[in-house]
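Report on the following structure.
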Amino acid sequence: MTTYKEIFGKPIKVVSSDPTDAGAEGQVWYNSTSGTFKTVVSVGAWSSSGNMLENRQNVEGAGTQTAGLAIGGATGPATPAFLATSSEYNGSSWSSPVSKNVAAISEATFGTETAAVAAGGYNNSGATASTVEEYNGSSWTAVTSLPQATRGAMGMGAENSGLVVGGEESSVLTNTQEYNGSGWTAGGAIPTGVYNAAANGTSESNSWFAGGSDGFKNATVLYNGTSWTVSGNLNTARDQAGGSGIQTDALAFGGRTPPNNPSNVTESFNGSTWTTSSATLGTNAKQAAAFGTSTAAVFAGNDPAAAITQEFNFSIYSPIAATWASGGALSTGRESMSSAGTQTAALAVGGRVGPPGASTAVESYNGTAMSGAPSLNTARQYAGGCGTQTAAITYANNPVSGATEEYDGSSWATQPNSMSTARRSFASFGIQTAALAAGGTTGPAVSSLTEEYNGTSWTAGGALSQARQYYAGAGIETSGLVFGGSDNPNSTKYANTEEYGGTSWTAGGALPTGTSGLMGCGATQTAALAFGGYQPSKVATTVEYDGSAWSSKPAMGGATAEGSGAGTNVAGLSIGGSPAETGVEEFTGEIVQLDYKTLTSS
Amino acid sequence: MAHFIYGTATNTGKGFFTAEDRREFFLRGFPADVWCIGNNVDGARWLAEKNGVEKTKAEAQALVDAEITAAQTAWDALSDEQKALSSRPSDITLP
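Top to bottom, those sequences are chains A and B. The opening position of the first sequence corresponds to residue 72 in our numbering, with each subsequent residue numbered one higher. The opening position of the second sequence corresponds to residue 77 in our numbering, with each subsequent residue numbered one higher.
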C-alpha cells in the first residue's frame, strides 16, 4: 500500500476505501477516492430502542443493556395503577410482563436480569413498604424484609452484595441496609438523608449515588463496603435521574431540575469528577428505569408514564437504522397472491386482480424491477406458496381448493396430489420439498388443520391452537411460525403467534395488536417480520420477531394489506396489496458499520 | 434561516432515532409526539422518513400545551396521597 509518508513525507496510509474492521479505531488515513482524511473514534450517543409493552413511570431498573429489567412503577397519573410486574429487555425489545408479588413504585432495585432484588417502595395499599422480592430470571419470590421500610431509596450492587440506601418513611433516611442474599445488616450511614438519586454499582464496594432529594442535590457519595465518602459534584443538580456504571466509571442522565423540569443532560464520572457529555437524551425523561454501564446504558419509561426506551452507547460503530424503500412495481396490480424467494430473486404468483378475479399471471423480481414469468396453469387467488424463484410451489384457491402447482424456473406443473382439506386465506411457509399450509377458510368454517408437503404428497401436520384466516407465516417447516389473522366473518382480529417445530405448535409472543390481512417474511422461527394488515384500518406497521417477542420496526411507506411477503427479516419484500395494488417495498434491516469521521482543517 | 423545524412523528422504538441521527442534527422529543429538529438537510430528511408531519412552531407549541394541560388536569384530580408520589407536569416552552 502506498503510504502518505512516501508521497508527502508524513506517516499516514493512503487507501482507496475505508477500513471496515475495529482495528481502525484511533487511526488516521487518507481516502484517495473521496479525497478526504478520515478516522474512527468512539463517540457516545443516545438512540431510541424498542418501546416497553406498557407505559411506566416511577419504574426501577436492574441489569445490563442486553439483559435488563424494568421493575414495578405505575401506569400514570390519569389511571395511577401500580404495576405488580417486571419486564425483561434484551437490547432491542421487551418481553411480556412477569408478575411480582407486590405492586409498588419507587422500589430500591439492584442485581442482574437473572438475580435481581426489589425492596421497599410505596405499595398500592398506600404504605411505605419493607417487603423484598428476588427475581431468578423467571419468577419473583418474597424474601426477608427490610429492617427499615423505605420508599425512593437507592438500590445498588448484586443480589448477594447489595445496598438499599436512604429513602423516605416518616422522614428522609440516612440508613444503609446491606443484603448478602439472605439477610439484612446495617451499613455505614450516608452523610445526609437522600432519596430519588441516580445510583448504581455491581457490588457494595463499587456502589455510588449522586444528586437526589430533598431539594435538588448535586453531591456524589461513594461506598467502600463499610463507609461513605463524598466525591465530586454533578454539574447539573437534579433528582429522579438515572445512573449506570460503577463508582470509578459511571453515567448520570435525565432526572428533574428546578423547579420541575425534566432533563436530557448526561454526565460521565471518572471516580472524582463529573463531565457533562455532548450526548443528550432524545426525550427529556425522569422517574424511568435506569441500568447498564458507562458505555451501554438504558433509560426506559418517563413521568408522565410512557413506553419509550432510550439507549446510550459509547462505540466506534454507528448503526444505520432499518428502513423501507420503494421497489420496482408489479405490471399487474394484485392482492391475495402467493409469493416465493428473496428480496432480490422473488416471484409474485397469481392473486386477485379485481374483476374478473383470480389470475394466472406470474411476475419475477430481480431486486430492481418486475418482469413477466411463465403463467400458472390455474388462475388462483387467496392461495399460499413458498420456495425460491427457481423452485417454487403454490397451493389452494378461492373457491376453496387443494390443488398444487410446482415451478422449476421455466414452467408450472400441476401436481397429481392435492391437499386433503381444500382451503383459502391461510398461512404458508417452507420450501418446495418441505412446505406447510396452516389453517385458513375451508368453506364456511375457519380451520385449525395443517398439512405438510414433501415434494410429492400432502400429509396431516399438527393442528393449530387457534383456528384462523387472513394471516401470515414465515420460516421453514421445522422452524416456522404463524401470526395474526381473524375469525369468520372477520369480526375478531388475533394477535397470537404460534411456532411450529415440524410436529406440533406452541404459543409464541403475541403481536402488539390484533391484525388480519397482514404480510410476513423470514427465514426461521427466530427471525421474522410482520407488516401491514388491518387493525381494523389498513396500517403500515412493521414488527420483528426474535423467537420470543415482537418489537417495533420502521413503518412501511404506505399502509398495505392483503399483499404478500418474501425474503428475510433483514432483506424483506412486500408485494402488492388491496385493492389490486402494484406497489412493491423493500425492507432493509439495521446495518452496523464503523462511524467514520472526516477530518477537516477548520 | 430558523434554527429548528418542528413536526409530529410517532416514536416506533428501535431505529426511530439513532446514534448517527443524534450526531448529525439536533433532535429533542416533547409530549404529543412533537419533535424539535435541527434545520439542516439531515434533520428534514429524518422527519420525512419517519412519516412526520411538519408543524409551525406555534402549532407544535399548541400540541404540547394541550398534552401538558391534559396531564396537569389528570394530576390535579389525584388524591393528595397520590400527588405526593409525582410532581405536577410543568409547562414546556419549545426552543
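Glycine is no exception: its CB is placed at the ideal position from the N, C-alpha and C atoms.
Query                                                                                                                                                                                                 : Result
With contact counted as at least three CB pairs below 8 Å, one residue from each stretch, are the region 485-494 of chain A and the region 465-474 of chain A in contact?                             : yes
Taking all protein chains shown into account, do 16 or more other C-beta atoms lie within 10 angstroms of the C-beta of Thr639 of chain A, making it buried, or fewer, making it exposed?             : buried
Residues bridged to Trp165 of chain A by DSSP?                                                                                                                                                        : A:Tyr160
Using a cut-off of 9 Å between C-beta atoms, extract the partners of Arg121 of chain B located in chain A.                                                                                            : Under the 9 Å cutoff, chain A gives no residues; its nearest Cβ is about 11 Å from Arg121 of chain B.
If the cut is a Cβ gap below 7 Å, which residues of chain B does Asn332 of chain A touch?                                                                                                             : Ser166
Using the C-alpha atoms, what's the distance from Gln414 of chain A back to Ala396 of chain A?                                                                                                        : 12 Å
Quick check on DSSP: helix, strand or coil for Gln452 of chain A?                                                                                                                                     : coil
Could you tell me whether any Cβ in chain B is nearer than 8 Å to the Cβ of Thr354 of chain A?                                                                                                        : yes
Report the residues of the region 610-630 of chain A with a CB closer than 7 Å to any CB of chain B, ordered along the chain.                                                                         : Ser622, Ser623, Lys624, Pro625 and Ala626
Would a check of beta-carbon distances place Glu157 of chain B closer than 8 Å to chain A?                                                                                                            : yes
Take Ala462 of chain A and list the residues in its own chain whose beta-carbon comes closer than 6 Å to its own, dropping the five residues that flank it on each side.                              : Gln503
Scan the region 346-422 of chain A and note each continuous beta strand (DSSP E) run of 3 residues or more that stays entirely inside, going in chain order.                                          : 360-363, 367-371, 380-386, 388-391, 394-397, 409-413 and 416-420
Among residues of its own chain, excluding the 5 on either side of Gly622 of chain A, which ones have a beta-carbon nearer than 7 Å to its beta-carbon?                                               : It should be noted that the sequence gives Ser, not Gly, for residue 622 of chain A. Contacts found: Gly121, Ser163, Ser164, Val614 and Glu615.
Since Glu569 of chain A and Leu552 of chain A should fall inside the 8 Å C-beta cutoff, what is the C-beta to C-beta distance between them, to a whole number of angstroms?                           : 7 Å
Leaving out the 5 sequence neighbours to the left and right, which residues in its chain are closer than 7 Å to Ser442 of chain A when beta-carbon positions are compared?                            : Glu434 and Ser435
8 Å is my cut-off, CB to CB: does Tyr193 of chain A come that close to chain B?                                                                                                                       : yes
Which residues in the same chain as Pro218 of chain A place their Cβ atom closer than 6 Å to its Cβ, once the five residues preceding and following it in sequence are excluded?                      : Trp255
With respect to the alpha helix (DSSP H) encompassing Val140 of chain B, which residues constitute its N-terminal and C-terminal limits?                                                              : Lys133 to Asp152
What's the call for Ile379 of chain A, buried or exposed, on a 16-neighbour Cβ count within 10 Å?                                                                                                     : buried
For a contact meaning CB atoms closer than 7 Å, what does Ser163 of chain A contact in chain B?                                                                                                       : Lys90
Using the C-alpha atoms, what's the distance from Tyr388 of chain A back to Val23 of chain A?                                                                                                         : Here chain A has residues from 72 to 673 only, and residue 23 of chain A is not among them.
Measuring only between beta-carbons, confirm whether Asn129 of chain A sits less than 8 Å from chain B.                                                                                               : yes
Could you pull the start and end residues of the alpha helix (DSSP H) that Gly119 of chain B belongs to?                                                                                              : Val117 to Glu125
Using a beta-carbon distance below 8 Å, is Gly114 of chain B in contact with chain A?                                                                                                                 : no
So with CB distances below 7 Å, who are the chain A contacts of Gly105 of chain B?                                                                                                                    : Gly353 and Thr354
Taking all protein chains shown into account, decide if Gln664 of chain A is buried (16 or more other Cβ within 10 angstroms of its Cβ) or exposed.                                                   : exposed
Report back the beta-carbon spacing between Tyr193 of chain A and Ser177 of chain A to the nearest angstrom; my notes put them in contact at under 8 Å.                                               : 5 Å
Tell me whether the region 548-566 of chain A and the region 474-483 of chain A touch, counting them as touching only if at least three CB pairs, one residue from each stretch, are closer than 8 Å. : no
List the whole-angstrom C-beta distance separating Ala133 of chain A from Leu124 of chain A, where the pair is believed to meet the contact cut-off of C-beta under 8 Å.                              : Not quite, the Cβ-Cβ distance comes to about 18 Å (not below 8 Å), so this is no contact.
With DSSP collapsed to three states, give me the class of Ser557 of chain A.                                                                                                                          : strand
Does the region 644-660 of chain A touch the region 82-89 of chain B, meaning 3 or more C-beta pairs lie closer than 8 Å?                                                                             : no
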